[in-house]
Amino acid sequence: MTVYSGPVFEMAVNQFNVIANHLEIPFDERDRILMPKRAVTVSCPIHRDDGSVAVFEGYRVQHHLTMGPTKGGTRFAPSVDIGEVAALAIWMSWKCALVGLPYGGAKGGVNVDLSTISRRELESLSRRYMQEMIPFVGPHTDVMAPDMGTNEQVMAWFMDTYSMYQGQTVTEIVTGKPVSNGGTLGRREATGRGVAHLSKRVMKELNIDPHKATAVIQGFGNVGSYAALELYQFGLKVTAVSDHTGALHDANGLDIPALIRHASTHGSIAGFSNQLAFDPAEVLTLPCTVLVPAALERVIDAKTAENLKCRILAEGANGPTTPEADLVLDKRRDEIFVIPDILCNSGGVVVSYFEWVQDLQQLFWEEEEVTRREYQILNRAFDQMLARAGTDKISHRTAAMAIGVEKVRAAKNTRGLFP
Ligand code: GLU
Numbered sequence: 002m003t004v005y006s007g008p009v010f011e012m013a014v015n016q017f018n019v020i021a022n023h024l025e026i027p028f029d030e031r032d033r034i035l036m037p038k039r040a041v042t043v044s045c046p047i048h049r050d051d052g053s054v055a056v057f058e059g060y061r062v063q064h065h066l067t068m069g070p071t072k073g074g075t076r077f078a079p080s081v082d083i084g085e086v087a088a089l090a091i092w093m094s095w096k097c098a099l100v101g102l103p104y105g106g107a108k109g110g111v112n113v114d115l116s117t118i119s120r121r122e123l124e125s126l127s128r129r130y131m132q133e134m135i136p137f138v139g140p141h142t143d144v145m146a147p148d149m150g151t152n153e154q155v156m157a158w159f160m161d162t163y164s165m166y167q168g169q170t171v172t173e174i175v176t177g178k179p180v181s182n183g184g185t186l187g188r189r190e191a192t193g194r195g196v197a198h199l200s201k202r203v204m205k206e207l208n209i210d211p212h213k214a215t216a217v218i219q220g221f222g223n224v225g226s227y228a229a230l231e232l233y234q235f236g237l238k239v240t241a242v243s244d245h246t247g248a249l250h251d252a253n254g255l256d257i258p259a260l261i262r263h264a265s266t267h268g269s270i271a272g273f274s275n276q277l278a279f280d281p282a283e284v285l286t287l288p289c290t291v292l293v294p295a296a297l298e299r300v301i302d303a304k305t306a307e308n309l310k311c312r313i314l315a316e317g318a319n320g321p322t323t324p325e326a327d328l329v330l331d332k333r334r335d336e337i338f339v340i341p342d343i344l345c346n347s348g349g350v351v352v353s354y355f356e357w358v359q360d361l362q363q364l365f366w367e368e369e370e371v372t373r374r375e376y377q378i379l380n381r382a383f384d385q386m387l388a389r390a391g392t393d394k395i396s397h398r399t400a401a402m403a404i405g406v407e408k409v410r411a412a413k414n415t416r417g418l419f420p
């Protein structure tokens, strides 16, 4: 019996079983590695603008505390439930271990439709969520960060709320803060930059000329927009972009800097151009060199995987590809180069780690230093993934996850079982 349920949690379990079978982990050892250590559900009451009281359900799941504090984002979205948050926490663990960060994974979230609340209500909700979490988080226990539906402003409110209770400023309680509040240069761009950096590396390995290459981006939030911008600046034509409001398509390439300006003033890509409007359901299967799913999980199922026409699948989102789709992609290994999510989008948490380190030391780095070190870590993990996939004759995802799971398992086994 477990409280965790739902398709996203099942997906994380299925993926783990593939890895555990590959690594031949004994059955009686598996639950200790897979099942989350702690999960908290909180009720967050706030005053609405009309004077009424509304209560939102919030969650935080800390997957394992074996290698240091837990680390992961906080999601504000209507899809959020305990199963989804647990799956995302588990993926954070494999991600942090793969790239060598001294963290276990965590994730949090509030079930809320942001289109139905005002900015003042969002501030109240953010502050109340953090206040409810105070007994369970801390700079050496669990460090939050942005995820879907949260941003630098929400992190500033989290940090302020925690600090007011401590009686002193505790910047290291969250990452992804504004630079003016102890954030690091390069964090805002880090995830998208990492996605683009790894895509460029693969293009180089495959001898693809960036000026003859195209990119398609699903999701135009923090990750999708910076990935698009970096690829655009590298010479690729970004032929399609979609978000929750619709999609745009231009075979000659979209003006990404203009689209980013539009999205930052209007909150979405809606209204940018009527002429270029396109069916968002068709975006993933457009022919392109680099396809970046940078929105929700489980958008590529087996049928979509059969129909993908990209050369490189750069997974900016967490969990965009189902295990059934992975079976299809396994057969299409020579046609489609997969950069799996836990590697592809790990630039975000890597630079979050740099932010935490800088906050703890009160010593801040130049942006070049941040980005250089980010790429160094991504390159090392990429090389390890490729080498492992080659020696074990397994997919990139299995290789990346096997490296992550193996490190968590080793840390648990050498520490031993207390008491
Ligand atoms: N939410 C991001 C992720 O899924 C970032 C987490 C972090 O920076 O701690 O990787």
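Going by the numbering used here, the residue at position 259 of the sequence shown is 260; the numbering climbs one at a time, nothing skipped. Think of the CB as a built atom: it goes at the ideal place given N, C-alpha and C, for glycine as much as any other residue.
One or two residues paired with residue i in a DSSP bridge
i, result
"Phe-28", "Bridge partners of Phe-28: none, in fact."
"Glu-58", "Ser-44"
"Phe-77", "Val-111"
"Gly-105", "Thr-71"
"Phe-383", "Partner(s): none; Phe-383 has no beta bridge."
"Ser-243", "Gln-219 and Ala-248"
"Gly-417", "None, per the DSSP bridge assignment."
"Pro-294", "Gln-219"
"Arg-39", "Gln-63"
Closer than 6 Å: residue i CB and nearest the ligand GLU heavy atom
i, result
"Asp-143", "no"
"Thr-229", "It is worth fixing the name first, because residue 229 is Ala in this sequence and not Thr. Incorrect: Ala-229 has no Cβ contact closer than 6 Å to the ligand GLU."
"Gly-272", "no"
"Asp-148", "yes"
"Asn-319", "yes"
"Lys-38", "no"
"Lys-72", "yes"
"Ile-226", "For the record, residue 226 in the displayed sequence is Ser; it is not Ile. Not so, every heavy atom of the ligand GLU lies at least 6 Å from the Cβ."
"Ser-181", "no"
"Val-1", "No answer is possible for residue 1: the residues shown for the chain start at 2 and end at 420."
"Ser-164", "no"
"Trp-353", "The sequence shown places Ser at residue 353, rather than the Trp named in the question. At least one heavy atom of the ligand GLU is nearer than 6 Å to the Cβ of Ser-353, so yes."
Proximity of residue i and residue j at Cβ, strictly below 7 Å
i, j, result
"Ala-1", "Gly-101", "Beyond the ends of the chain as shown, which are 2 and 420, falls residue 1; an answer cannot be given."
"Phe-235", "Pro-258", "no"
"Pro-46", "His-64", "no"
"Val-284", "Glu-307", "no"
"Leu-277", "Leu-249", "yes"
"Pro-341", "His-397", "yes"
"Gly-7", "Gly-84", "yes"
"Thr-240", "Thr-215", "yes"
"Val-113", "Phe-77", "yes"
"Asn-319", "Leu-89", "yes"
"Ala-40", "Arg-49", "no"
"Asp-244", "Ser-269", "yes"
"Ala-388", "Cys-345", "no"
"Ser-226", "Ile-313", "no"
"Phe-57", "Leu-126", "yes"
"Val-406", "Ile-135", "no"
"Pro-70", "Thr-170", "no"
"Val-138", "Lys-108", "no"
"Ile-404", "Gln-377", "no"
Residue environment, residue i, which counts as buried when at least 16 other CB atoms sit within 10 Å
i, result
"Pro-281", "buried"
"Arg-416", "exposed"
"Asn-380", "exposed"
"Leu-292", "buried"
"Thr-75", "buried"
"Leu-361", "exposed"
"Leu-418", "exposed"
"Gly-223", "Reading the sequence as shown, one finds Asn at residue 223 and not Gly. By the 10 Å Cβ count, Asn-223 comes out buried."
"Thr-322", "buried"
"Asp-148", "buried"
"Pro-420", "exposed"
"Ser-53", "exposed"
Proximity test, Cβ basis, 7 Å: residue i and chain D
i, result
"Ile-218", "This model lacks chain D altogether, as it is built from one protein chain only."
8 Å contact criterion, which residue i and residue j should meet: CB distance rounded
i, j, result
"Lys-96", "Ser-347", "5 Å"
"Phe-355", "Val-371", "6 Å"
"Ile-174", "Tyr-163", "5 Å"
"Thr-392", "His-23", "That pair is no contact at about 12 Å."
"Thr-176", "Ala-146", "5 Å"
"Leu-230", "Thr-290", "Not confirmed; about 17 Å, so no contact."
"Gln-219", "Ala-295", "6 Å"
"Lys-310", "Pro-288", "4 Å"
"Val-86", "Gly-110", "5 Å"
"Ala-326", "Thr-67", "The Cβ separation is near 31 Å, so there is no contact."
"Val-352", "Arg-188", "5 Å"
"Glu-375", "Gly-195", "6 Å"
"Glu-153", "Lys-178", "6 Å"
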